[in-house]
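**Student:**
2 protein chains.
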Amino acid sequence: MNPAIAATAGSLIRALHARRKATTIDLGLGEPTLMPNVAYFERATAWVAEHGCRYSPNIGFEDLRTAIARHYDYPGLNDPGNVCITTGSQEAVYLAIKTLLDPAQDEVLLVEPAFPVYAKIAQVEGLTVRRVVLEPKDGCALDADKILEALGPCTRMLILCSPCNPTGRVISKTGAKKIADALLAHSGPPVYLMHDEIYRELIYTDDVGEFGKIYPYTIAINSLSKSNSLTGLRLGWLFAPLDVMPQIVKMHGWSSSCASTFAQRIALDIFTSNDLSATRPWYAKQRELAMAAARDSGLEYIEPEGAFYLCVRVGDPDTLGFVESLIDERDVIAIPADNFASSMTGWLRTSFVAKIDDVREGYRRIAEHATSRALLHR
Amino acid sequence: MNPAIAATAGSLIRALHARRKATTIDLGLGEPTLMPNVAYFERATAWVAEHGCRYSPNIGFEDLRTAIARHYDYPGLNDPGNVCITTGSQEAVYLAIKTLLDPAQDEVLLVEPAFPVYAKIAQVEGLTVRRVVLEPKDGCALDADKILEALGPCTRMLILCSPCNPTGRVISKTGAKKIADALLAHSGPPVYLMHDEIYRELIYTDDVGEFGKIYPYTIAINSLSKSNSLTGLRLGWLFAPLDVMPQIVKMHGWSSSCASTFAQRIALDIFTSNDLSATRPWYAKQRELAMAAARDSGLEYIEPEGAFYLCVRVGDPDTLGFVESLIDERDVIAIPADNFASSMTGWLRTSFVAKIDDVREGYRRIAEHATSRALLHR
Numbered sequence: 010m011n012p013a014i015a016a017t018a019g020s021l022i023r024a025l026h027a028r029r030k031a032t033t034i035d036l037g038l039g040e041p042t043l044m045p046n047v048a049y050f051e052r053a054t055a056w057v058a059e060h061g062c063r064y065s066p067n068i069g070f071e072d073l074r075t076a077i078a079r080h081y082d083y084p085g086l087n088d089p090g091n092v093c094i095t096t097g098s099q100e101a102v103y104l105a106i107k108t109l110l111d112p113a114q115d116e117v118l119l120v121e122p123a124f125p126v127y128a129k130i131a132q133v134e135g136l137t138v139r140r141v142v143l144e145p146k147d148g149c150a151l152d153a154d155k156i157l158e159a160l161g162p163c164t165r166m167l168i169l170c171s172p173c174n175p176t177g178r179v180i181s182k183t184g185a186k187k188i189a190d191a192l193l194a195h196s197g198p199p200v201y202l203m204h205d206e207i208y209r210e211l212i213y214t215d216d217v218g219e220f221g222k223i224y225p226y227t228i229a230i231n232s233l234s235k236s237n238s239l240t241g242l243r244l245g246w247l248f249a250p251l252d253v254m255p256q257i258v259k260m261h262g263w264s265s266s267c268a269s270t271f272a273q274r275i276a277l278d279i280f281t282s283n284d285l286s287a288t289r290p291w292y293a294k295q296r297e298l299a300m301a302a303a304r305d306s307g308l309e310y311i312e313p314e315g316a317f318y319l320c321v322r323v324g325d326p327d328t329l330g331f332v333e334s335l336i337d338e339r340d341v342i343a344i345p346a347d348n349f350a351s352s353m354t355g356w357l358r359t360s361f362v363a364k365i366d367d368v369r370e371g372y373r374r375i376a377e378h379a380t381s382r383a384l385l386h387r
Numbered sequence: 010m011n012p013a014i015a016a017t018a019g020s021l022i023r024a025l026h027a028r029r030k031a032t033t034i035d036l037g038l039g040e041p042t043l044m045p046n047v048a049y050f051e052r053a054t055a056w057v058a059e060h061g062c063r064y065s066p067n068i069g070f071e072d073l074r075t076a077i078a079r080h081y082d083y084p085g086l087n088d089p090g091n092v093c094i095t096t097g098s099q100e101a102v103y104l105a106i107k108t109l110l111d112p113a114q115d116e117v118l119l120v121e122p123a124f125p126v127y128a129k130i131a132q133v134e135g136l137t138v139r140r141v142v143l144e145p146k147d148g149c150a151l152d153a154d155k156i157l158e159a160l161g162p163c164t165r166m167l168i169l170c171s172p173c174n175p176t177g178r179v180i181s182k183t184g185a186k187k188i189a190d191a192l193l194a195h196s197g198p199p200v201y202l203m204h205d206e207i208y209r210e211l212i213y214t215d216d217v218g219e220f221g222k223i224y225p226y227t228i229a230i231n232s233l234s235k236s237n238s239l240t241g242l243r244l245g246w247l248f249a250p251l252d253v254m255p256q257i258v259k260m261h262g263w264s265s266s267c268a269s270t271f272a273q274r275i276a277l278d279i280f281t282s283n284d285l286s287a288t289r290p291w292y293a294k295q296r297e298l299a300m301a302a303a304r305d306s307g308l309e310y311i312e313p314e315g316a317f318y319l320c321v322r323v324g325d326p327d328t329l330g331f332v333e334s335l336i337d338e339r340d341v342i343a344i345p346a347d348n349f350a351s352s353m354t355g356w357l358r359t360s361f362v363a364k365i366d367d368v369r370e371g372y373r374r375i376a377e378h379a380t381s382r383a384l385l386h387r
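Going down the list, the sequences are from chains A and B.
Residues in the first sequence are numbered consecutively from 10, following the numbering used here.
Residues in the second sequence are numbered consecutively from 10, following the numbering used here.
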């Protein structure tokens, strides 16, 4: 048995999700409840009837990679050869961390709160992890100065999710520029900036930093999961500089051969139709309603500038205990936010993808539970 | 950059395939040319219209895992918890090697000729590789005694592909029993037997050893790619003992999250319809015709008992040089079989999935090329 795998914890989010019952108010798992556009499946099926469903090149079909490269038009990353199609953004994250870093010498810097899987992959691959932990008292703002202070001499990758899972905070144009400039001025080999931009279609502010636009060593990662309600399609991609792409594609060949041909046809159709942001108005409205519901329940929250999460404060120092009893006693699933950063003790990550009445009722029960737990433990 | 990835060669098969032109007779890549049954795609699309396309559990949907466990009914491996659904068999191979072995102490034993990816994954993961090399003079028979002699004290996984890619040889019932008995009698921790059985639906003999039926530490790996002409769907699975499955599923969560929901619906439909072997008669006929064509061209070959490959002898000690010039001068793609084992110098792997007239013409050109190269280098 591989001891690094045995020593690394599995997904708490998935474990909590597995406790869902038919009656549960589920504010846990991070996936859309909106229905995808089935016309894409029908057209891809018609394509299969004509062409079959054969392997794609390891790197992905060229027409799709061309469409993606053109759509984002990141300077220096806008060639089809800068794009590798992956089995969801999860595989893209795995490939980037696994391929671009040398466990013997390289460190990865995580900006927390962060999706726990970055740290877990780094741990499994034997990499040293540095952390910069943002504080809820600062609204977990993606503070460029604080992030740059945390860089070490061996840091070869900085991982930043913006809009952030779980806080929904977005890096500003100025903040992104400050980070890009500092990394460019950094001596030694390049520091890759993995920008997990899986929530980029769901942004509710105009001041949005995009590393792909300003930093040539950006590894931009995305998928159709959140924007097009296609979590189960497993279609993602990563942008990377041309010189490292052959190594990434090689590793991709070993870990999964290539992405699904069927899913790639759907992706090509979506990019050709420029249909990536149709759901944004719905999420913008949900966000307003969710914040209002949190206020109505008296819950303190971090105002999200993107994504579909609202971190709410329950105060309980035993965050996991709170969540477990919330499931057992109130039939509500939420995620302990200290799963994403040590600074988030007493906070929960909630998704506002459920029907708004359920979100409201969920917050009401969370607030009630917080009050009763506080009384109990006083 | 990860030095283990940089030091490991990419896929020669894919590189040769990339040189395919419209006129090329392609006996290279190992994938069916038959069309898949599009009704499965239509029904899965109707399911998506009703249910959306959301994440599956990391391990895969329970109804599918139940159907697969029942279909094969491997004693001790017949619980839905013994099955993990993967992104094609490629991910299954990766997960098994990566998760079940400890690079600090475990060795993997390959039975060669073998698909090169097993050795490459082991190399990337820092594992020591032992090899037992079967000889074309013995028809590359999967000789149990020879395989068992090669086991070392640190061997913790034996990887065997039967029917074999590239030779098409199949392990006999007696041979499999001999190996299983010896491994069971082996002292120390269990030796996992990875049985890559991706060609199991394409078998042309009655004497077929199946490790899942007789050895409890079998890791059986398979997919819909070859049996149902669905290489581009990326839907595979692995069987593993219950005690190691949580670790495999954890690693699967990090490398790709979960298999495609759409592909899993197709797989469930195929298993429920018991539609895994409809193409076998076609391949059986192709095999007869391909062997006859090789004989007509005067090419020596290894008689395949399964799969859709025919290894033919061209004699040239520079096998790759032969293949490169075969592409350039005769517009035929075949794979140098020394890519699969050092014993296969002067042999080519050909696929007999193309139209039989193309296979015939391909063999004619290969034989002609062998004659002219022999004259040239005399």
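Every residue, glycine too, gets a C-beta built ideally from N, C-alpha and C.
Ordered along the chain, which non-local residues of its own chain (more than five positions away) have a Cβ less than 7 Å from that of B:G97?
**Tutor:** Counting from one through the second sequence, the residue named residue 97 of chain B turns up at place 88. So the qualifying residues of the chain are S232, S234, R243, L244, G245.
**Student:** At a Cβ threshold of 7 Å, is B:G174 touching chain A?
**Tutor:** Translated into the one-based positions of the second sequence, residue 174 of chain B becomes position 165. Looking at the sequence provided, one finds Asn at residue 174 of chain B rather than Gly. It does not; no Cβ of chain A falls within 7 Å.
**Student:** Could you tell me which chain B residues have their CB closer than 7 Å to the CB of A:A272, listed as they occur along the chain?
**Tutor:** Taking the first sequence and counting its residues from 1, one reaches residue 272 of chain A at position 263. The contacting residues are S269.
**Student:** I want to see whether chain A comes within less than 7 Å of B:F50, judged by CB atoms only; does it?
**Tutor:** The count along the second sequence starts at 1 and reaches residue 50 of chain B at position 41. Yes - at least one Cβ of chain A is within 7 Å of the one on B:F50.
**Student:** Mind listing which residues of the segment 208-236 of chain B have their C-beta closer than 7 Å to chain A's C-betas, in chain order?
**Tutor:** Cβ contacts with chain A: none found.
**Student:** How is the beta strand (DSSP E) around B:V321 delimited, first residue to last?
**Tutor:** Translated into positions along the second sequence, residue 321 of chain B becomes position 312. First-last of the beta strand (DSSP E) with B:V321: 318-322.
**Student:** My assumption, with CB atoms under 8 Å, is that B:M166 sits in contact with B:Y201. Please give the rounded CB distance.
**Tutor:** Stepping through the second sequence from its first residue, residue 166 of chain B is reached at position 157. Stepping through the second sequence from its first residue, residue 201 of chain B is reached at position 192. Yes, B:M166 and B:Y201 are in contact; Cβ-Cβ is about 5 Å, under 8 Å.
**Student:** Run through DSSP, which three-state label would B:F248 get?
**Tutor:** As a position in the second sequence, residue 248 of chain B is number 239, starting the count at 1. Note: B:F248 maps to strand in three-state DSSP.
**Student:** Is there at least one Cβ from chain A nearer than 7 Å to B:E116's Cβ?
**Tutor:** Within the second sequence, the letter at position 107 stands for residue 116 of chain B. It does not; no Cβ of chain A falls within 7 Å.
**Student:** Residues of chain B with CB closer than 8 Å to the CB of A:S282, please, in chain order.
**Tutor:** Residue numbering aside, residue 282 of chain A sits at position 273 when the first sequence is read from its first letter. Correct list: empty, because the minimum Cβ distance to chain B is about 17 Å.
**Student:** For B:A191, collect the residues of the same chain with a Cβ closer than 6 Å to its Cβ; drop the 5 residues on either side in sequence, then sort them by chain order.
**Tutor:** The residue you call residue 191 of chain B lines up with position 182 of the second sequence. Answer for B:A191: L157, listed in chain order.
**Student:** By the 9 Å beta-carbon criterion, what residues does the segment 25-44 of chain A contribute toward chain D?
**Tutor:** Considering every chain present, this structure includes no chain D. Its protein chains are A and B.
**Student:** Could you tell me if A:G197 is buried or exposed, where buried requires 16 or more neighbouring beta carbons within 10 angstroms of its beta carbon?
**Tutor:** Reading the first sequence from its first residue, position 188 is the one you call residue 197 of chain A. That one is exposed.
**Student:** B:K364: buried (16+ other C-beta within 10 angstroms of its C-beta) or exposed?
**Tutor:** Stepping through the second sequence from its first residue, residue 364 of chain B is reached at position 355. Answer is exposed; the Cβ neighbour count stays below 16.
**Student:** Quick one: using the 10 Å Cβ neighbour count with 16 as the cut-off for buried, is B:P162 buried or exposed?
**Tutor:** The residue labelled residue 162 of chain B in the question sits at position 153 within the second sequence. So B:P162 ends up on the exposed side.
**Student:** Is there a Cβ from chain B that is less than 7 Å from the Cβ of A:C62?
**Tutor:** As a position in the first sequence, residue 62 of chain A is number 53, starting the count at 1. Interface residue, yes.
**Student:** Among all the DSSP beta bridges, which residues are the ones paired with A:Y201?
**Tutor:** Walking along the first sequence from the start, residue 201 of chain A turns up at place 192. BP columns for A:Y201 point to A:M166.
**Student:** Would you report the Cα separation of A:Q132 and B:A303, rounded to the nearest angstrom?
**Tutor:** Here residue 132 of chain A corresponds to residue number 123 of the first sequence, with the count starting at 1. Here residue 303 of chain B corresponds to residue number 294 of the second sequence, with the count starting at 1. Cα to Cα, A:Q132 sits roughly 52 Å from B:A303.
**Student:** Within the 7 Å Cβ cut-off, does A:W246 reach chain B?
**Tutor:** By one-based count along the first sequence, residue 246 of chain A stands at place 237. Chain B, which has no Cβ nearer than 7 Å to the Cβ of A:W246, makes this no.
**Student:** Can you tell me whether A:T270 is buried or exposed, with buried defined as 16 or more other CB within 10 angstroms of its CB?
**Tutor:** Counting from one through the first sequence, the residue named residue 270 of chain A turns up at place 261. Buried is the call here.
**Student:** Heavy atom of the ligand SAH less than 6 Å from the Cβ of B:L119, yes or no?
**Tutor:** You won't find the ligand SAH in this model; it holds no ligand whatsoever.
**Student:** Enumerate in chain order the residues of its own chain whose CB-to-CB distance from A:G221 is below 7 Å, with the five nearest sequence positions on each side excluded.
**Tutor:** The residue given as residue 221 of chain A occupies position 212 in the first sequence. Only Y81, Y83, L86, H204, T227, A229, F248 meet the Cβ criterion.
**Student:** Just by C-beta distance, which residues in the segment 240-265 of chain A are closer than 9 Å to chain B?
**Tutor:** Of all residues in the segment 240-265 of chain A, T240, G241, L242, R243, L244, V253, P255, Q256, I257, V258, K259, M260, G262, W263, S264, S265 have a Cβ within less than 9 Å of some Cβ in chain B.
**Student:** According to DSSP, is A:Y213 part of a helix, a strand, or is it coil?
**Tutor:** In the first sequence, counting from the first residue as 1, residue 213 of chain A sits at position 204. A:Y213: coil per DSSP, three-state reduction.
**Student:** Considering only residues of the same chain and omitting the five flanking positions on each side of B:M260, which have a CB-CB separation below 7 Å?
**Tutor:** The residue labelled residue 260 of chain B in the question sits at position 251 within the second sequence. Result list for B:M260: L104, K107, T108, in chain order.
**Student:** I need the boundaries of the alpha helix (DSSP H) containing A:I230, first residue and last residue.
**Tutor:** Position 221 of the first sequence, counted from the start, is the residue given in the question as residue 230 of chain A. Element bounds for A:I230: not the alpha helix (DSSP H) but the beta strand (DSSP E), 227-232.
**Student:** Using a Cβ-Cβ cut-off of 7 Å, state whether A:L20 counts as contacting chain B.
**Tutor:** In the first sequence, counting from the first residue as 1, residue 20 of chain A sits at position 11. According to the sequence as given, residue 20 of chain A is Ser; it is not Leu. Yes, because at least one Cβ of chain B sits closer than 7 Å to the Cβ of A:S20.
**Student:** State the beta-bridge partners of A:V141 as determined by DSSP.
**Tutor:** Walking along the first sequence from the start, residue 141 of chain A turns up at place 132. DSSP output for A:V141 lists A:V120 as bridge partner(s).
**Student:** Taking all protein chains shown into account, do 16 or more other C-beta atoms lie within 10 angstroms of the C-beta of B:R79, making it buried, or fewer, making it exposed?
**Tutor:** In the second sequence, the residue the question calls residue 79 of chain B occupies position 70. Burial call: exposed.
**Student:** On a CA-only basis, which of A:I34, A:I22, A:L277 is nearest A:P125? Give me that one, please.
**Tutor:** For the purposes of this step, residue 125 of chain A is taken as residue 116 along the first sequence, with counting starting at 1. For A:P125, the nearest C-alpha among the options comes from A:I22.
**Student:** Expressed to the nearest angstrom, what Euclidean distance is found between the alpha-carbon atoms of B:F50 and A:D216?
**Tutor:** As a working note, residue 50 of chain B is residue 41 in the second sequence. As a working note, residue 216 of chain A is residue 207 in the first sequence. So the alpha carbons of these two residues sit roughly 42 Å apart.
**Student:** Looking at A:A6: is its Cβ nearer than 7 Å to the Cβ of A:L308?
**Tutor:** For residue 6 of chain A there is no data in the structure shown, the boundaries of chain A being 10 and 387.
**Student:** Could you tell me whether any Cβ in chain A is nearer than 7 Å to the Cβ of B:D88?
**Tutor:** The count along the second sequence starts at 1 and reaches residue 88 of chain B at position 79. Closer than 7 Å: no.
**Student:** Check the C-beta distance from A:Y208 over to A:N174 and give it rounded, since I have them as a contact under 8 Å.
**Tutor:** In the first sequence, the residue the question calls residue 208 of chain A occupies position 199. In the first sequence, the residue the question calls residue 174 of chain A occupies position 165. About 7 Å separates the two Cβ atoms, so the contact holds.
**Student:** Which residues in chain B have a C-beta closer than 8 Å to the C-beta of A:R23? List them in chain order.
**Tutor:** Reading the first sequence from its first residue, position 14 is the one you call residue 23 of chain A. Here the neighbours are P66, N67, G262.
**Student:** With DSSP as the reference, label B:P255 as helix, strand or coil.
**Tutor:** The residue given as residue 255 of chain B occupies position 246 in the second sequence. Correct three-state label for B:P255: helix.
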